[in-house]
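Notes to accompany the following structure.
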């Protein structure tokens with residue numbers, strides 16, 4: 001009986017290693033599901049789920065993973081801003097995160113908001129400890145790996161967060177300076193081609209609106225989906241580099257990424273900053289702020305006029 | 001129809017449902033649909049075999065002091081509360097007032113809910129049954145139910161037009177109260193089960209013992225012909241409810257109808273573009289349709305077809321079409337139920353059954369107000385001599 005069990009384990013191990021044999025990671029800021037499985041019990045590793053669809057976590061998550069609710073844990077619920085230092089520090093202390101903890105983030109929808117989480121960690125000086133599970137929740141599920149409903153309970157840590165590092169955060173004035181030619185940073189608009197061209201104000205069914213369509217002058221359009229493979233994992237470093245180089249983004253100048261509300265653009269921010277190592281900041285005000293601002297230059301290729309409908 | 005023919009047809013429907021379920025389950029998105037179809041089918045069979053119908057059961061008790069149906073409902077609620085607690089305890093180990101369990105039907109509690117549930121109760125008395133029972137009775141050949149469902153569609157449309165006003169007037173301030181969030185799991189369980197126990201005590205004390213002239217049935221007869229015993233029916237409803245919540249969503253029968261009406265009304269310009277707060281309220285029931293088949297849609301299709309199959313097997317499929325007065329009553333009752341279901345964010349299955357099982361105060365408010373509405377309707381109809 002034991003022998004049969006042993007053979008089963010061996011066969012499973014062989015199958016697992018065969019499954020992951022071909023996985024090559026674009027950078028050490030990414031980990032694959034094999035790595036996560038090997039580190040589920042590692043006390044120096046803390047896994048967080050950040051999913052767009054809240055409620056997914058409770059129904060089943062990677063065993064031991066804690067939850068970061070993007071509506072409340074990563075943002076200030078009152079004003080439009082990322083979470084305050086005090087609130088975020090408390091969340092991380094409760095999860096037992098310390099200054100030497102490796103933090104792994106993953107989520108649904110191609111890691112959109114997990115990448116946003118990585119950016120918030122970066123702002124608070126923990127960026128070097130953060131890794132993204134490549135492919136996120138979708139790939140974990142597709143590989144048939146286990147989910148758990150139990151919630152982890154870690155001893156509280158005494159972590160102290162640094163003040164915000166605003167070098168990875170672009171504010172409105174920074175992008176206006178680019179639009180007016182006073183700052184030579186490169187802008188990447190990661191929204192759909194139709195939003196970029198100004199044909200539509202926002203995707204169907206979206207409530208965060210701007211009263212002007214188009215994009216920030218000089219921005220190039222590279223929809224976020226171009227840098228991921230079918231299974232949701234990032235393309236190779238060389239492929240990603242080539243995609244941006246084609247649009248004149250080669251890392252020689254600082255880069256600013258934006259989208260509609262600043263969350264999806266974190267996905268591109270992550271690729272540029274963590275995989276390619278470029279100097280890049282994310283404009284979290286994004287088009288809902290810029291497209292509503294009075295008196296700033298706008299490029300609207302389609303010429304759409306806002307009529308309140 | 002000869003019994004052999006109807007039983008063959010019954011088997012054919014079951015086979016078709018299973019085959020469709022297998023076909024749907026070919027990819028990830030389809031697995032949810034397949035699961036929903038089969039859950040709906042199981043629910044349809046239990047509703048039909050157990051005659052699990054909120055109004056009929058209440059009426060049996062009011063008019064004949066027959067408590068069997070109410071015992072089935074109370075058993076479903078009690079067993080469901082226990083089963084739900086097992087799931088909720090895994091998903092939300094430490095209940096907190098601001099963290100509601102995912103997807104559970106926990107609605108805002110206030111006057112609007114009470115009014116909506118009262119209208120729903122009145123509507124079910126006038127139309128002859130609640131929406132879920134209309135669906136299973138459709139399977140039994142009660143084609144008048146189509147008129148009631150059409151009325152419910154119109155009621156939904158009216159509900160959508162009054163929603164924004166009601167939401168900003170009062171619903172906005174109505175809290176979604178979750179018993180485990182307020183009292184903790186153990187106390188919530190104790191309170192809910194005690195309340196059900198008290199109701200059961202009151203019901204059984206006033207009930208008449210059923211005449212026991214029937215000989216004990218043979219197994220085949222007990223399963224396929226006779227009405228299932230109330231406690232077994234209740235337990236089966238509870239199990240199906242808990243399984244559905246674990247894998248897809250809490251039981252409910254109006255989400256698809258609501259979505260159809262909202263989508264059609266939107267394109268006809270009859271429904272406001274934005275229904276404020278609706279899409280953020282837990283247990284919302286009327287997303288604009290984005291796919292032809294939704295989990296709730298196949299659930300309802302499974303319910304009706306399985307009920308048809310079950311009625312065919314037991315020889316209870318009797319095609320009928322009511323007279324003009326009956327049609328008018330079904331339609332008018334349907335309109336009231338539709339408005340009530342939209343405004344109350346669900347019906348006897350979604351808010352009352354799934355809600356109480358999940359520990360929602362809104363479920364209890366719905367139970368009390370809908371019962372009051374139904375009793376008012378039954379009394380009124382009796383006075384009118386209908």
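Protein chains in written order, with my numbering: chain X, 1 to 309; chain R, 1 to 386.
We put the CB at the ideal spot given by N, CA and C, even for glycine.
Quiz prompt | Cβ-Cβ distance between residue 103 of chain X and residue 78 of chain X below 8 Å | solution = no
Exercise. Verify the CB distance criterion: does residue 91 of chain R have a CB-CB separation below 8 Å to chain X?
Key: yes
Practice problem: Report the rounded CA-to-CA distance for residue 86 of chain X versus residue 164 of chain X, giving the unit in angstroms. | Solution: 11 Å
Exercise. Would you be able to state if there are at least three C-beta pairs under 8 Å between the segment 109-123 of chain R and the segment 356-374 of chain R?
Key: yes
Self-check item: residue 212 of chain X, enclosing beta strand (DSSP E) - first and last residue
Solution: Neither: residue 212 of chain X is in no beta strand (DSSP E) and is coded neither H nor E.
Quiz item: Do the CB positions of residue 306 of chain X and residue 212 of chain X come within less than 8 Å of each other?
Solution: yes
Quiz prompt | Residues in the segment 50-70 of chain X having any Cβ partner in chain R nearer than 7 Å | solution = 55, 58, 59
Quiz item: Tell me which same chain residues have a C-beta within less than 6 Å of the C-beta of residue 47 of chain R, skipping the five on either side of it?
Solution: 136
Quiz prompt | N- and C-terminal bounds of the beta strand (DSSP E) containing residue 45 of chain X | solution = 45-49
Quiz prompt | Contact under 8 Å by Cβ, residue 44 of chain X with residue 91 of chain X | solution = no
Exercise. Counting only runs of 4+ residues fully inside the segment 172-236 of chain R, write out the alpha helix (DSSP H) ranges in chain order.
Key: 179-183, 185-206, 219-224
Quiz item: Between the segment 143-159 of chain X and chain R, which residues of the former have a C-beta closer than 8 Å to a C-beta of the latter?
Solution: 149, 150, 151
Quiz prompt | Closest residue to residue 245 of chain X among X:34, X:188, X:116 (Cα-Cα distance) | solution = X:188
Practice problem: Whole angstroms is fine: what's the gap from residue 64 of chain R's alpha carbon to residue 209 of chain X's? | Solution: 60 Å
Quiz item: Where do the N-terminal and C-terminal ends of the alpha helix (DSSP H) with residue 47 of chain R fall, by residue?
Solution: 28-50
Quiz item: CB residue 270 of chain R to CB residue 157 of chain R, shorter than 8 Å?
Solution: yes
Exercise. Using 10 angstroms around the beta-carbon of residue 100 of chain R, count the other beta-carbons present and answer buried if the total reaches 16, otherwise exposed.
Key: buried
Exercise. Would you tell me roughly how many angstroms separate the C-alpha atoms of residue 127 of chain R and residue 344 of chain R, rounded to the nearest one?
Key: 18 Å
Practice problem: Return the CA-CA distance between residue 3 of chain R and residue 221 of chain R, expressed in angstroms with no decimal places. | Solution: 14 Å
Quiz item: Quick one: what's got a C-beta closer than 8 Å to residue 76 of chain X's C-beta in the same chain, skipping five residues either side?
Solution: 82, 83, 84, 87
Exercise. Count the other C-beta atoms from every protein chain shown that fall within 10 angstroms of the C-beta of residue 342 of chain R, then say buried if there are 16 or more, exposed otherwise.
Key: buried
Quiz item: Using the beta-carbon of each residue, which ones in chain X are nearer than 8 Å to residue 101 of chain R?
Solution: 58
Practice problem: Can you grab the Cα-Cα spacing for the pair residue 255 of chain R / residue 301 of chain R, in whole Å? | Solution: 13 Å
Quiz item: What three-state label does DSSP hand residue 67 of chain X in the structure shown?
Solution: strand
Practice problem: Below 7 Å CB to CB, which residues in the same chain sit around residue 224 of chain X once its five sequence neighbours on both sides are set aside? | Solution: 190, 264, 267, 268
Quiz item: With burial defined as no fewer than 16 other Cβ atoms inside 10 Å of the residue's Cβ, what is the status of residue 71 of chain X: buried or exposed?
Solution: exposed
Quiz item: Where does residue 132 of chain R sit, in a helix, a strand or coil, going by DSSP?
Solution: helix
Exercise. With a 10 Å radius around its C-beta and 16 neighbouring C-beta atoms as the bar for buried, classify residue 17 of chain X as buried or exposed.
Key: Residue placement at residue 17 of chain X is flagged as unreliable, the pLDDT there being 41, under the threshold of 50; a coordinate-derived value is accordingly withheld.
Practice problem: Could you check what DSSP says for residue 234 of chain X in three-state terms: helix, strand or coil? | Solution: strand
Exercise. Determine the extent of the alpha helix (DSSP H) in which residue 109 of chain X is found, giving its start and end residues.
Key: 108-123
Quiz item: So, are the CB atoms of residue 114 of chain X and residue 274 of chain X less than 8 Å apart?
Solution: no
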